[in-house]
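Protein chains in written order, with the numbering used here: chain A, 128 to 239; chain B, 4 to 451.
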C-alpha cells in the first residue's frame, strides 16, 4: 500500500477526483494549502503599494491505494491535473504501513 | 385587506393633492388666498420640514452602518469585532454628548461669537409647538446629532487596528461634546464665520474636515501599525478582510448622503425647496459617480490595475467634495468637483504612506483633503461667497480642530496610553480587548 500525495491547482480538483474514481479509488482526503515551487509567487498591489505573494494557494490530495494501483493512480492524477503551465504541482508517493476502517475494524487492503 | 389598503392609499393621495394645492397657493398668489388656507399651508410646511429632518436624519444615522461596514472590511479579520464595537460605541456616545452639551454649545445663543451655552438641549411638549416654529425641535436635534456622530465615525477608521478602546471613546466624547460643536457654532450656529460670509452647505469643512483633522492628529500621535512600514522605509500593505463588506459600507454611505446633503436644505414646505432637494440629490449622485470613474481611470493609468478600495474611496471623496455646495453648481460643475475629489484620493493615499501616516481606510484623503477642495470651490457657483472667506473658514476650523484634537490625544497618551501592547496588536484586538472574534470558526482568524 502507498499514499499517493499530490499538490495541484485548486480548480483541477474535480477532474482529479473523477479520474481517480474511474480507476476504482474510493476515498480521497483534500487539504487547502499554500506553498511555492518553481512558479514562485507574484506581486499584488493594495492602495498604491506593491507586495509579494510568496505562497500561492494549492490543493493537497492524499489517497491510499493498494500497490497494484499506484502506477495508474499517478498517471491519472498527472493527466487530470496537467495544464502545461508552470505551477501544475507535484506528486509524491510514500509507503503506508497499515490501514484500519474504524467502523468495522477491517485492516489494510480491506480497509481501502 | 386589499380594498382597505387601497382606500387608505386613495385617501392619502387626496390629502397630498390638497396639501400641494395649498402650498402652490401660498407661493403663487398669497394675496388671493384666504386666511384658512394660510393656516393649513403653515401646518403643511411644518409637517414637511419636520419630515425632511426625520427622513434625512435616519438616512444619516444609517451612515454609521456604512462606516462600520467599510471599516470592518478594511481591517484584518483579527480586528473586525473591535472595529464594529468602536463604531456602535462612538455613535452612541456622540448621541448622548450631543444632548448633554453639544447641541446648545453649537446653536444656543452663539450670536456671531465663538460658542453657545454649556447646557443640555430641551424640547417643548409636542402639542406646544406651532406652525411658526417651522419644524419640530426634536427633529432638528436628531438631524444635527447624526452629523455630529458622522464626524466621530471618520476618526475610527484612520486609527484602526492599534488604538485602545476606552481612550478612543474618551476622545469621541470630547470631540462630539466640545470640539465639533464649537467649530460648528462658528458657521451653523450663526457665529463669527457665518457673519463673515463663509459658506458650507452640508459640512465639507464642518463635518468632514473636522473629522479628518481629528483623525490626522490621532494618526500622528498614535503612530503607524507595527507592521506597516519597514525599517528601510518600505510600505507593507495590510489588505483588509472583506472587500464585499467595504463595498456594501460605501453604498450605504452613498445612500445616507442623500439625507446628509438633501435634507441640509432644511426645508420642504415650498415648491422651490422641494425642487432644491431634488437638485441636490442629482448633483450629489453625479459627484459621487464622477469620483468613482476618475479614481478608476487614474488607477488604471498609474498602477495598470484598478484597486477596488481606491474606487470606493473615490465615491466617498466625490460625495465629500460636493457637500459644501450641492445645490448651486450646474450639473457639469458638480461632476467636475466630484471627479477632482476622486483624483485626490489616487494621489493622496500613497503620499500619506510616504510620510508614514498610517490611515487604514483612507479617511484623511477622503474627508480632510476632499473636504478642503469642496469648500474652496464653493465660490465658483455660490453668489456672495469669496475664496478668501472660504480659506479663512478652512484654516480657522482646521487649526482649532487639529490643535484641540492633538491636545486631547496627547493628554490621553500621557494619562492612559493610546496604543495596545505589541503582543496584543499581533494577536489582534478582538482576542484581548473585545474577547469576541469576528470569525471564530475560521482557522486563520487569529493570523496577521
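Virtual Cβ for every residue (Gly too), placed ideally from N, Cα, C.
Got a sec: is the Cβ-Cβ distance from residue i to anything in chain A below 8 Å?
{"i": "residue 40 of chain B", "result": "Model confidence at residue 40 of chain B stands at a pLDDT of 47, short of 50, so the residue's coordinates are unreliable; what they give is reported in the following sentence. Taking Cβ atoms only, chain A never reaches closer than 8 Å to residue 40 of chain B, which makes this a no."}
{"i": "residue 353 of chain B", "result": "yes"}
{"i": "residue 367 of chain B", "result": "no"}
{"i": "residue 313 of chain B", "result": "yes"}
{"i": "residue 450 of chain B", "result": "With a pLDDT of only 46 at residue 450 of chain B, under 50, the local geometry of the prediction cannot be trusted, and no value is derived from it."}
{"i": "residue 235 of chain B", "result": "no"}
{"i": "residue 242 of chain B", "result": "yes"}
{"i": "residue 29 of chain B", "result": "For residue 29 of chain B, the predicted structure reports a pLDDT of 27, less than 50, and the residue's modelled location is therefore unreliable. A value from the coordinates is still provided. Not closer than 8 Å to any Cβ of chain A, the Cβ of residue 29 of chain B fails to qualify, so no."}
{"i": "residue 81 of chain B", "result": "no"}
{"i": "residue 36 of chain B", "result": "With a pLDDT of only 42 at residue 36 of chain B, under 50, the local geometry of the prediction cannot be trusted, and the value read off the model is given with reservation. No, its Cβ sits nowhere closer than 8 Å to a Cβ of chain A."}
{"i": "residue 25 of chain B", "result": "In this predicted model, residue 25 of chain B has a pLDDT of only 36, less than 50, meaning its place in the structure is not dependable; the value taken from the coordinates is given anyway. No, residue 25 of chain B lies away from the interface with chain A (no Cβ there is under 8 Å from its Cβ)."}
{"i": "residue 32 of chain B", "result": "Residue placement at residue 32 of chain B is poorly supported in this model, since its pLDDT is 38, which falls under 50; the coordinates still yield a value, given next. It does not: the Cβ of residue 32 of chain B has no partner Cβ on chain A nearer than 8 Å."}
{"i": "residue 12 of chain B", "result": "Bear in mind that the predicted position of residue 12 of chain B carries a pLDDT of just 39, short of 50, making it too unreliable to give a figure here."}
How far does the alpha helix (DSSP H) with residue i in it reach, from first residue to last?
{"i": "residue 240 of chain B", "result": "Residue 240 of chain B -> no alpha helix (DSSP H), and no H or E assigned at all."}
{"i": "residue 219 of chain A", "result": "Element bounds for residue 219 of chain A: not the alpha helix (DSSP H) but the beta strand (DSSP E), 216-222."}
{"i": "residue 142 of chain A", "result": "140-150"}
{"i": "residue 377 of chain B", "result": "373-379"}
{"i": "residue 226 of chain A", "result": "Note, residue 226 of chain A: premise wrong, no alpha helix (DSSP H); not H, not E."}
{"i": "residue 392 of chain B", "result": "390-418"}
{"i": "residue 205 of chain A", "result": "197-208"}
{"i": "residue 164 of chain B", "result": "Element bounds for residue 164 of chain B: n/a, residue is neither H nor E."}
{"i": "residue 430 of chain B", "result": "425-430"}
List, in order along the chain, the chain A residues whose C-beta lies closer than 7 Å to that of residue i?
{"i": "residue 94 of chain B", "result": "What residue 94 of chain B touches in chain A: nothing, since even the nearest Cβ is about 26 Å away."}
{"i": "residue 253 of chain B", "result": "Here the premise fails: no neighbours, minimum Cβ distance about 15 Å."}
{"i": "residue 238 of chain B", "result": "176"}
{"i": "residue 114 of chain B", "result": "Correct list: empty, because the minimum Cβ distance to chain A is about 45 Å."}
Just to confirm the assignment, what range does the beta strand (DSSP E) spanning residue i have?
{"i": "residue 191 of chain A", "result": "183-192"}
{"i": "residue 173 of chain A", "result": "169-173"}
{"i": "residue 178 of chain A", "result": "176-180"}
{"i": "residue 130 of chain A", "result": "129-135"}
{"i": "residue 161 of chain A", "result": "156-162"}
Quick one: list the residues of chain A neighbouring residue i, beta-carbon separation under 8 Å, in chain order.
{"i": "residue 306 of chain B", "result": "172, 175"}
With the cut-off set at 8 Å, would you say residue i and residue j are in Cβ contact?
{"i": "residue 146 of chain B", "j": "residue 215 of chain B", "result": "no"}
{"i": "residue 516 of chain B", "j": "residue 69 of chain B", "result": "The requested residue 516 of chain B does not occur in the structure, where chain B is confined to residues 4 to 451."}
{"i": "residue 133 of chain A", "j": "residue 208 of chain A", "result": "yes"}
{"i": "residue 105 of chain B", "j": "residue 184 of chain B", "result": "yes"}
{"i": "residue 138 of chain A", "j": "residue 161 of chain A", "result": "no"}
{"i": "residue 170 of chain A", "j": "residue 178 of chain A", "result": "yes"}
{"i": "residue 196 of chain B", "j": "residue 399 of chain B", "result": "yes"}
{"i": "residue 150 of chain B", "j": "residue 115 of chain B", "result": "no"}
{"i": "residue 130 of chain A", "j": "residue 216 of chain A", "result": "no"}
{"i": "residue 246 of chain B", "j": "residue 301 of chain B", "result": "no"}
{"i": "residue 83 of chain B", "j": "residue 212 of chain B", "result": "no"}
{"i": "residue 353 of chain B", "j": "residue 173 of chain A", "result": "no"}
{"i": "residue 64 of chain B", "j": "residue 252 of chain B", "result": "no"}
{"i": "residue 119 of chain B", "j": "residue 188 of chain B", "result": "yes"}
{"i": "residue 91 of chain B", "j": "residue 179 of chain B", "result": "no"}
Report the neighbours of residue i on chain A: residues whose CB is nearer than 9 Å to its CB, in chain order.
{"i": "residue 356 of chain B", "result": "174, 175, 176"}
{"i": "residue 310 of chain B", "result": "172, 173, 174, 175"}
Which complete alpha helix (DSSP H) runs does the stretch 72-150 of chain B hold, if anything under 4 residues is left out? 83-100, 106-110
Entirely within the stretch 232-306 of chain B and at least 4 residues each: give me those alpha helix (DSSP H) ranges in chain order. 246-260, 274-306
Alpha helix (DSSP H) segments (min. 4 residues) lying fully within the stretch 178-218 of chain B: 183-190, 195-199
Report the residue ranges of all alpha helix (DSSP H) runs contained in full by the stretch 306-382 of chain B; include only those spanning at least 4 residues, in chain order. Runs of the alpha helix (DSSP H) inside the stretch 306-382 of chain B: 311-326, 334-357, 373-379.
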